[in-house]
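Have a look at the structure below, then the notes.
In the numbering used here, the protein residues as written are 245 to 637.
Below you can see the structure in the form of structure tokens.
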């Protein structure tokens, strides 16, 4: 879809060879090409010599399976009238997407901005009328040609773990804005009622034929929590928390040393080497529950350039916010390329100190000790916490 929205011609090369990709993957691509009316051709060779003629004539069952599949796909295309009809399915005009998390900065201010300098909008919005959209990377614009039969609409679902308020949207005058706070009823306008508080908001932008959308943005505030903590809510006696760092929720929910040194990105938070000193940033996340817990396990996926940038990450768990009872580090665990890219695990399921607790802290530290200014050297990518209610709840 990210190629198609440019309006440039696309021809898909689909695998039809053993040991290259799965059959399921190739079949899914066939159906996607049929849906969007994208021409396709097949990569079919044997695995020893890479020869198409062997692929075509071999009696070997593995090759024959792929070859037969290609012929059946061809028959499907012809029998469905796709060659003569040559137009996309109706479903090609609709592209649903998952919601996008937003979070407040240190002052509680929330900002989401789209400048259309990339095709991120394909990932972030549910699109209706996709086939009529045209994106220009050179001009950073999204438009609908004047000859298009219908307008297009982009609907963004933005959510926050903390309640939002004072939401206001700014967009190009050519693109009418509608807002919804329940996902069902949309009303014209670019701001929520003054007394509204909620964790979900939907923004719909319409692009009429001949109109161009250049940018839009949302601003608001999060309601600060009474205390910096994640409150675990057991479901059937099980507690689970995950932070994929798609938004900097930790700035409001956790305690952060030197937050100005953090580099938040979509799906991660990083630090870099600092000239003359070692750079260390720790995020301390407190967890509470109104029931006693056991079976505590914490996992942290991260990356660190140890060999080249003298960087490592640490995962620690404490019961008082200061004294760790267990810890893990990436130090000494880098791969042959000098980079650590994996998951640290602190498992306290059998530790008596972590039985019956109602609060605990997870400490995530990034250390970049090169002493020189560098590109990002450490990145936290995903945090997961599991616990169960003691005695089954």
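Heads up, the beta-carbon is just placed ideally off N, CA and C, and yes, glycines get one too.
Since the structure is predicted, the reported quantities are computational estimates derived from the model, not experimental observations.
Does the ligand ADP have even one heavy atom less than 7 Å from the beta-carbon of residue i?
i, result
"residue 342", "The model on display carries no ligand, and the ligand ADP is accordingly not part of it."
Using CA atoms only, rank isn't needed, just tell me which of the options is closest to residue i.
i, options, result
"residue 530", "518, 568, 506, 575", "568"
"residue 265", "252, 322, 291", "291"
"residue 250", "388, 571, 470, 294", "388"
"residue 317", "260, 444, 332", "260"
"residue 623", "615, 550, 596, 636", "550"
"residue 556", "607, 245, 462, 621", "621"
"residue 255", "471, 285, 362", "285"
"residue 392", "381, 399, 373, 616", "373"
"residue 280", "269, 270, 337", "337"
"residue 563", "573, 601, 535", "601"
"residue 575", "369, 554, 406", "554"
"residue 355", "433, 626, 408, 371", "408"
"residue 383", "288, 459, 404", "459"
"residue 535", "517, 618, 636, 453", "636"
"residue 245", "367, 302, 272, 322", "367"
"residue 558", "594, 493, 612, 477", "612"
"residue 507", "491, 519, 521, 599", "491"
Label residue i either buried or exposed according to how many other C-beta atoms from any shown protein chain fall within 10 Å of its C-beta, with 16 as the threshold for buried.
i, result
"residue 537", "buried"
"residue 297", "exposed"
"residue 320", "exposed"
"residue 546", "buried"
"residue 632", "buried"
"residue 335", "exposed"
"residue 489", "buried"
"residue 247", "exposed"
"residue 496", "buried"
"residue 315", "exposed"
"residue 267", "exposed"
"residue 305", "exposed"
"residue 510", "exposed"
"residue 348", "buried"
"residue 548", "buried"
"residue 572", "buried"
"residue 523", "buried"
"residue 484", "exposed"
"residue 350", "exposed"
"residue 358", "buried"
"residue 521", "exposed"
Could you pull the DSSP bridge partners for residue i from this structure?
i, result
"residue 285", "257"
"residue 531", "474, 604"
"residue 581", "Answer is none; residue 581 lacks a bridge partner."
"residue 442", "408"
"residue 483", "631"
"residue 467", "Beta-bridge pairing links residue 467 to no other residue."
"residue 499", "528"
"residue 250", "BP columns for residue 250 are empty, so no partner."
For a quick check, are the C-beta atoms of residue i and residue j less than 8 Å apart?
i, j, result
"residue 590", "residue 513", "no"
"residue 552", "residue 582", "yes"
"residue 402", "residue 360", "no"
"residue 421", "residue 447", "yes"
"residue 262", "residue 310", "yes"
"residue 609", "residue 526", "yes"
"residue 528", "residue 481", "no"
"residue 258", "residue 274", "yes"
"residue 532", "residue 461", "no"
"residue 450", "residue 424", "no"
"residue 376", "residue 396", "yes"
"residue 352", "residue 443", "no"
"residue 476", "residue 544", "no"
Shorter than 8 Å from the beta carbon of residue i to some beta carbon of chain B?
i, result
"residue 323", "The structure shown contains no chain B, having only a single protein chain."
Check: Taking only runs of the alpha helix (DSSP H) that begin and end inside the region 337–395, which ones reach a length of at least 4 residues, in chain order?
Finding: 364–368
Item checked: Unbroken stretches of the alpha helix (DSSP H), 4 residues or longer, contained in the region 504–570 -> 550–553
Note to self: My parser needs the beta strand (DSSP E) runs of 3 or more residues fully inside the region 604–633; what are they?
What the structure shows: 620–633
Next item on the list: Only counting runs of 4 or more residues, tell me where the alpha helix (DSSP H) segments fall wholly within the region 269–317, in order along the chain.
Entry: 296–301
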